[in-house]
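Residue numbering for the sequence shown follows our numbering, beginning at 33 and increasing consecutively. Yeah, the Cβ is synthetic: ideal placement off N, Cα and C, and Gly gets one too. Notes for the one structure printed next.
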Amino acid sequence: MGTYSDQKESDDEAAKRGASADTAGAFAADFTLRDQYGVAHRFSDYRGHSVLLVFWATWCPDCMEELPDIEELYRTYQQTEGDMIILGVNTPNREPETDVDGITAFMEKNNYTFPTLMDEDGRVFDAYQIRTYPTVYFIGSDGRIKNCVKEVIHLEEMKRRMKQP
(Lines of atoms letter the chains of each structure in order from A and count residues from 1; the text may use other names and numbers.)
(Lines give C-alpha, C1' and ligand atoms only; values in the text may rest on other atoms or scores of the structure.)
Protein backbone atom coordinates (compact mmCIF):
# COMPACT_ATOMS: atom_id res chain seq x y z
CA MET A 1 0.00 0.00 0.00
CA GLY A 2 1.40 3.40 -0.85
CA THR A 3 0.62 7.02 -1.25
CA TYR A 4 -0.77 8.49 -4.46
CA SER A 5 2.65 9.28 -5.89
CA ASP A 6 3.88 5.73 -5.16
CA GLN A 7 0.92 4.04 -6.85
CA LYS A 8 0.11 6.25 -9.85
CA GLU A 9 1.72 3.94 -12.40
CA SER A 10 0.00 0.76 -11.17
CA ASP A 11 -3.34 2.60 -11.00
CA ASP A 12 -2.89 3.73 -14.61
CA GLU A 13 -2.21 0.12 -15.62
CA ALA A 14 -5.36 -1.08 -13.80
CA ALA A 15 -7.42 1.63 -15.49
CA LYS A 16 -6.19 0.46 -18.91
CA ARG A 17 -7.40 -3.07 -18.09
CA GLY A 18 -10.78 -1.65 -17.08
CA ALA A 19 -10.58 -3.47 -13.74
CA SER A 20 -11.95 -0.98 -11.28
CA ALA A 21 -14.55 -1.02 -8.52
CA ASP A 22 -14.83 2.75 -8.63
CA THR A 23 -16.70 2.91 -11.94
CA ALA A 24 -19.09 5.83 -11.91
CA GLY A 25 -22.65 4.57 -11.76
CA ALA A 26 -21.85 1.27 -10.03
CA PHE A 27 -23.48 0.57 -6.69
CA ALA A 28 -21.15 1.07 -3.74
CA ALA A 29 -20.35 -2.12 -1.82
CA ASP A 30 -22.36 -2.60 1.37
CA PHE A 31 -20.63 -3.32 4.67
CA THR A 32 -20.94 -3.00 8.44
CA LEU A 33 -17.97 -1.72 10.48
CA ARG A 34 -17.43 -0.13 13.89
CA ASP A 35 -15.91 3.33 14.24
CA GLN A 36 -13.30 4.57 16.71
CA TYR A 37 -16.07 5.06 19.30
CA GLY A 38 -17.41 1.50 18.94
CA VAL A 39 -20.54 2.56 17.01
CA ALA A 40 -21.60 0.16 14.22
CA HIS A 41 -22.21 1.72 10.79
CA ARG A 42 -24.06 -0.23 8.10
CA PHE A 43 -23.43 1.47 4.78
CA SER A 44 -26.89 0.63 3.41
CA ASP A 45 -28.43 2.60 6.30
CA TYR A 46 -27.15 5.77 4.61
CA ARG A 47 -29.19 5.28 1.44
CA GLY A 48 -31.01 8.53 0.81
CA HIS A 49 -27.93 10.53 1.84
CA SER A 50 -24.83 11.40 -0.13
CA VAL A 51 -21.71 9.81 1.36
CA LEU A 52 -18.07 10.83 1.30
CA LEU A 53 -16.03 7.69 1.99
CA VAL A 54 -12.38 8.48 2.79
CA PHE A 55 -9.77 5.70 2.89
CA TRP A 56 -6.69 6.88 4.80
CA ALA A 57 -3.77 5.84 7.03
CA THR A 58 -1.94 7.43 9.97
CA TRP A 59 1.46 6.98 8.27
CA CYS A 60 0.45 8.57 4.93
CA PRO A 61 1.83 12.12 4.39
CA ASP A 62 -0.75 12.84 1.66
CA CYS A 63 -3.51 11.86 4.10
CA MET A 64 -2.10 14.27 6.70
CA GLU A 65 -2.52 17.04 4.14
CA GLU A 66 -6.12 16.05 3.39
CA LEU A 67 -7.51 15.17 6.86
CA PRO A 68 -7.94 18.77 8.13
CA ASP A 69 -10.25 19.43 5.15
CA ILE A 70 -12.17 16.21 5.84
CA GLU A 71 -12.67 17.33 9.45
CA GLU A 72 -13.85 20.78 8.33
CA LEU A 73 -16.36 19.21 5.94
CA TYR A 74 -17.55 16.86 8.67
CA ARG A 75 -18.11 19.71 11.11
CA THR A 76 -19.94 21.72 8.43
CA TYR A 77 -22.26 18.89 7.35
CA GLN A 78 -22.82 17.62 10.88
CA GLN A 79 -24.48 20.99 11.54
CA THR A 80 -26.88 20.58 8.59
CA GLU A 81 -28.65 17.49 9.91
CA GLY A 82 -26.76 14.88 7.95
CA ASP A 83 -27.50 15.74 4.32
CA MET A 84 -23.94 14.52 3.64
CA ILE A 85 -22.45 11.60 5.58
CA ILE A 86 -18.67 11.68 6.01
CA LEU A 87 -16.91 8.46 6.98
CA GLY A 88 -13.22 7.64 7.18
CA VAL A 89 -12.05 4.05 6.74
CA ASN A 90 -8.77 2.68 8.10
CA THR A 91 -7.23 -0.82 8.35
CA PRO A 92 -5.83 -1.33 11.85
CA ASN A 93 -3.03 -3.86 12.22
CA ARG A 94 -2.36 -4.06 8.47
CA GLU A 95 1.32 -3.15 8.02
CA PRO A 96 2.47 -0.48 8.47
CA GLU A 97 -0.72 0.79 10.17
CA THR A 98 -1.10 0.80 13.95
CA ASP A 99 -3.91 -0.81 15.95
CA VAL A 100 -7.38 0.60 16.73
CA ASP A 101 -6.12 2.28 19.92
CA GLY A 102 -3.26 3.91 18.00
CA ILE A 103 -5.60 5.21 15.29
CA THR A 104 -8.01 6.54 17.93
CA ALA A 105 -5.15 8.23 19.82
CA PHE A 106 -3.92 9.79 16.56
CA MET A 107 -7.39 11.18 15.85
CA GLU A 108 -7.82 12.54 19.37
CA LYS A 109 -4.36 14.15 19.32
CA ASN A 110 -5.26 15.94 16.07
CA ASN A 111 -8.84 16.80 17.13
CA TYR A 112 -10.38 14.73 14.32
CA THR A 113 -13.95 13.83 15.24
CA PHE A 114 -15.32 12.39 11.98
CA PRO A 115 -16.24 8.71 12.33
CA THR A 116 -13.46 6.44 11.11
CA LEU A 117 -14.51 2.87 10.48
CA MET A 118 -12.09 0.12 11.45
CA ASP A 119 -11.77 -2.42 8.65
CA GLU A 120 -9.85 -4.95 10.73
CA ASP A 121 -9.92 -7.78 8.20
CA GLY A 122 -9.42 -5.57 5.11
CA ARG A 123 -12.70 -6.74 3.54
CA VAL A 124 -13.92 -3.23 2.71
CA PHE A 125 -10.52 -2.12 1.39
CA ASP A 126 -10.55 -5.15 -0.90
CA ALA A 127 -14.15 -4.54 -2.03
CA TYR A 128 -13.25 -0.97 -2.99
CA GLN A 129 -9.91 -2.07 -4.50
CA ILE A 130 -7.88 0.39 -2.43
CA ARG A 131 -4.30 0.47 -3.68
CA THR A 132 -3.30 3.99 -2.71
CA TYR A 133 -3.91 6.56 0.02
CA PRO A 134 -5.78 8.75 0.22
CA THR A 135 -8.71 7.49 -1.84
CA VAL A 136 -12.02 9.35 -1.63
CA TYR A 137 -15.32 8.00 -2.97
CA PHE A 138 -18.24 10.34 -3.65
CA ILE A 139 -21.42 8.27 -3.42
CA GLY A 140 -24.85 9.59 -4.35
CA SER A 141 -28.02 9.30 -2.30
CA ASP A 142 -29.08 6.39 -4.53
CA GLY A 143 -26.05 4.36 -3.38
CA ARG A 144 -24.23 4.69 -6.70
CA ILE A 145 -20.63 5.85 -7.00
CA LYS A 146 -20.49 9.36 -8.47
CA ASN A 147 -16.70 9.53 -8.69
CA CYS A 148 -13.48 8.55 -6.98
CA VAL A 149 -10.28 10.51 -6.36
CA LYS A 150 -7.02 8.66 -5.71
CA GLU A 151 -4.89 11.60 -4.63
CA VAL A 152 -5.00 14.53 -2.22
CA ILE A 153 -8.16 16.53 -2.71
CA HIS A 154 -8.77 19.84 -0.97
CA LEU A 155 -11.87 21.39 0.55
CA GLU A 156 -13.10 23.46 -2.40
CA GLU A 157 -12.66 20.57 -4.83
CA MET A 158 -14.50 18.25 -2.42
CA LYS A 159 -17.40 20.70 -2.24
CA ARG A 160 -17.45 21.03 -6.03
CA ARG A 161 -17.51 17.27 -6.56
CA MET A 162 -20.20 16.80 -3.91
CA LYS A 163 -22.50 19.09 -5.90
CA GLN A 164 -22.00 17.19 -9.16
CA PRO A 165 -24.91 15.01 -10.28
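Within the continuous beta strand (DSSP E) that includes residue i, where are the two ends?
i: Phe-170; result: 167 to 171
i: Arg-66; result: 64 to 66
i: Val-86; result: 82 to 87
i: Ala-72; result: 72 to 74
Taking the alpha helix (DSSP H) that residue i falls in, what are its first and last residues?
i: Arg-107; result: 93 to 110
i: Arg-193; result: 187 to 195
Would residue i pass as a contact of residue j if the rule is Cβ separation under 9 Å?
i: Ser-82; j: Met-194; result: yes
i: Phe-157; j: Thr-130; result: no
i: Phe-59; j: Arg-176; result: yes
i: Glu-103; j: Phe-146; result: yes
i: Ile-162; j: Leu-84; result: no
i: Ile-6; j: Tyr-160; result: Residue 6 is absent from the structure shown; the chain starts at 33 and stops at 197.
i: Leu-119; j: Leu-187; result: no
Among the options, whose alpha-carbon lies nearest the alpha-carbon of residue i?
i: Ala-72; options: Thr-64, Arg-79 and Tyr-78; result: Thr-64
i: Thr-164; options: Gly-80, Leu-187, Asp-94 and Lys-178; result: Asp-94
i: Leu-149; options: Trp-91, Val-121 and Gly-57; result: Val-121
i: Pro-100; options: Gln-161, Ala-61, Asn-142 and Tyr-169; result: Asn-142
i: Val-184; options: Cys-92, Gly-70 and Thr-55; result: Cys-92
i: Thr-55; options: Thr-108, Cys-180 and Leu-187; result: Cys-180
i: Arg-66; options: Gly-57, Tyr-144, Glu-140 and Glu-152; result: Glu-152
i: Met-96; options: Gly-134, Met-139, Gln-110 and Arg-155; result: Met-139
Buried or exposed for residue i, please, with buried defined as at least 16 other CB atoms from any protein chain shown within 10 angstroms of its CB.
i: Gln-196; result: exposed
i: Ala-89; result: buried
i: Glu-127; result: exposed
i: Gly-80; result: exposed
i: Thr-167; result: buried
i: Asp-62; result: exposed
i: Pro-108; result: Residue identity differs from the one stated: residue 108 is Thr in this sequence, not Pro. Label assigned to Thr-108: exposed.
i: Tyr-169; result: buried
i: Glu-41; result: Because Glu-41 sits at a pLDDT of 42, beneath the cut-off of 50, its placement in the model cannot be relied upon, and the point is left open.
Give the list of continuous beta strand (DSSP E) stretches no shorter than 3 residues that lie fully inside the segment 116 to 183. 116 to 122, 148 to 150, 167 to 171 and 177 to 181
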